[in-house]
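Structure first, then comments.
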């Protein structure tokens, strides 16, 4: 499994909250398109937005990298922030399955 992690540190918590919402709206469309195993977007009290995505296929990670680069250009036009960006191979990942396998209708 391959992982992409980025951290954006903003000058204010308000900016971080706005960007977190924008990230969710803009990046969630890639979950199905790029067959993501997971996508997590968090915002911290230190005004950081953390995006973490995992993929089974390295090519999909590369496509997400390209999409993320375009997204960052857009962000830089509106906000001041620092970026820490890295790709890696997952050594261990646990995530409890939260999906519903069956649905009964009455």
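Numbering (this note's numbering), first residue to last: 9 to 114.
Glycine included, each C-beta is placed from N, C-alpha and C at the ideal position.
Legend entry - Closest by C-alpha distance to residue 84, when choosing among 62, 12, 18: Ranking the options by Cα distance to residue 84, first place goes to 18.
Inset, instruction - Give the DSSP-derived three-state secondary structure of residue 100 in the structure shown. - result: Look at residue 100 here: in three-state DSSP terms it is coil, with no helix or strand label.
Inset, instruction - Enumerate in chain order the residues of its own chain whose CB-to-CB distance from residue 53 is below 8 Å, with the five nearest sequence positions on each side excluded. - result: Answer for residue 53: 21, listed in chain order.
Inset, instruction - Identify whether residue 19 lies in helix, strand or coil by the three-state DSSP scheme. - result: Residue 19 falls in the coil class under three-state DSSP.
Inset, instruction - Using the Cα positions of residue 67 and residue 33, report the straight-line distance between them to the nearest angstrom. - result: Their backbone Cα atoms lie some 23 Å apart in a straight line.
Legend entry - Residue range of the unbroken beta strand (DSSP E) whose run includes residue 56: Run containing residue 56: 56-63, per the beta strand (DSSP E) assignment.
Inset, instruction - Decide if residue 50 is buried, meaning its Cβ has at least 16 other Cβ atoms within 10 Å, or exposed. - result: Exposed is the label assigned to residue 50, since fewer than 16 other Cβ atoms lie within 10 Å of its Cβ.
Legend entry - From 12, 100, 91, residue whose alpha carbon lies closest to that of residue 55: When only C-alpha atoms are compared, the closest one is 91.
Inset, instruction - Enumerate in chain order the residues of its own chain whose CB-to-CB distance from residue 8 is below 8 Å, with the five nearest sequence positions on each side excluded. - result: The structure shown does not extend to residue 8, since the chain spans only 9 to 114, so no value can be given for it.
Legend entry - Rounded C-alpha distance that separates residue 10 from residue 48: Separation of residue 10 and residue 48 (C-alpha to C-alpha, rounded to the nearest whole angstrom) is 14 Å.
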